[in-house]
Amino acid sequence: MQAILKPLIWLVLSLGMLASAPGGAVTITISCGAVGIELALCREGTEAWAKKSGHQVRVVSTPNSSSERLALYQQLLAAGANDIDVFQIDVIWPGLLANHLLDLEPYIAADTTDHYPAMIANNTVDGRLVAMPWFASVGVLYYRQDLLQKHGESVPVSWAELAGVAARVQAAERAAGHADLWGYVWQGRAYEGLTCNALEWVASEDGGTIVADDGQVTIDNPAAVQAVARAAAWVDNISPPGVLNYAEEDARGVFQSGGAVFMRNWPYAWSLAQGMDSPVRGQVGVAPLPGGSASGRSVSTLGGWQLAVSSYSRHPATAAELVRYLTSAAEQKRRAIAGSFNPTIPALYQDREILAAAPFFANLLTIMDTAVARPSAATGSKYNQASHAFWSAVHQVLSGKRTAAASLASLQARLDRLSRGGKRW
Ligand code: GLC
């Protein structure tokens, strides 16, 4: 990771020298994600603002892995670097980064009522609005309509069904010469994305959310053990061995090139899979993730990204203006249509043009209502340590190094130690 971070930090710091412009105009630097077409959309949005406001914008792209991005941000912020004014931050970070972020309330207060109250609450730390919601995300199941139809299968509603359909279609297609087809691709690398996937397996079996709202560590339970063990059995069976190193874009690469029947991913993958140059264009369906075998309940992890202004910014008011513009209904609508990024403004889910571009958005409201949050509120400043311990424990099971029972038992002990028995996170 150091190897990636050093050049990025150098790039970011050297950009600081360019930050002035004529006539009272300033240059605002924003860090944007670069997953799929994120960076292109960020550039378009910020350029439109620059044109309108007379200021200038510099866009810095960041690593695709949320975990690597956090490490980069923490290094910059801990050094009090003023080179980035606006940070794109993950839904689980407001608590972790709050001390370095500006209270946006005085600049943006009026706009907050348009957004989901839960998202505004998520971004409010000790009464300070440290970020504005930019887009939301939930895990969904992508499937190949054409292949299910060809083999007389239907969209699976439980994890057990998913494994069955994936295995049958994979076997039939391979027998017919499609030798490298896999049943199911997802995010199995040891990083935050695996925390999201594994939380869905566990929570849909009523195995809890790793740490309960009151701080108690709950991960060592039979439902969780069974859910993680089941996922381990997918590897090298319906999922390629390489899934252990897949993040979002790796899974999308395989699925979009026609190499998988099912994929777990976030909504952004829709507009790309349906793109003019996509080999699976017109063949893709989106459904809720499969439900647990006992509960029947489908659970998605709530994801999403916010925009925050650094406390070290030299132009806080102008930076907040940019955040206000980018998080507005008009810009969220543009991003929903061009990139299937979920708005954080409920009214937009009734917008005809958005629904025409991404018809499955109509069903996302229900998925979002029942989505589970990662335990970032309960674990506070130790969230990343807790999540790191969780994804590592799960990864060991997926890679066959430990049994699910042994791995989750030692994870429980580790998290209990980290939080003094769940009492002090
Ligand atoms: C997506 C989600 C984000 C999550 C990440 C994990 O970007 O929006 O919340 O942490 O995936 O890979």
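In my numbering, the protein residues as written are 216 to 640.
Glycine included, each C-beta is placed from N, C-alpha and C at the ideal position.
Please read all numbers here as calculations on a predicted model, not as lab measurements.
- The alpha carbon of K597 has as its nearest neighbour, out of L312, E463 and V241, the alpha carbon of L312.
- DSSP places N557 within a strand segment (E or B) once states are collapsed to three.
- Shortest gap from the CB of E463 to any heavy atom of the ligand GLC: under 7 Å.
- Between the region 315-333 and the region 598-617 there are fewer than three C-beta pairs closer than 8 Å, too few to call the two in contact.
- Counting along the chain, the unbroken beta strand (DSSP E) around W520 starts and ends at L517 to V524.
- Pairing V355 with P437 gives a Cβ-Cβ distance that is not under 8 Å.
- In the three-state DSSP reduction, R589 falls in the coil class, being neither helix nor strand.
- Partner residues in the beta bridge of R273, as assigned by DSSP, are T244.
- Among the bridge pairs identified by DSSP, G506 is matched with S373 and S513.
- Cα atoms of A381 and K638: separation of roughly 43 Å, rounded to the nearest angstrom.
- Taking each of S268, S493 and A255 in turn and checking the Cα distance to I243, the smallest one comes out for S268.
- Assigned with DSSP and collapsed to three states, Q471 falls in helix.
- In this structure the region 429-449 lies against the region 609-628, because at least three pairs of beta carbons, one per stretch, are closer than 8 Å.
- DSSP, read as helix, strand or coil, puts P531 in helix.
- In the structure shown, I304 falls within a strand segment according to DSSP collapsed to helix, strand and coil.
- In the three-state reduction of the DSSP assignment, A577 falls in the helix class, which pools H, G and I.
- Counting along the chain, the unbroken beta strand (DSSP E) around P348 starts and ends at M347 to V353.
- No residue range can be given for W481, since it is assigned to no alpha helix (DSSP H) and is classified by DSSP as neither H nor E.
- The closest heavy atom of the ligand GLC lies 7 Å or more from the beta carbon of C257.
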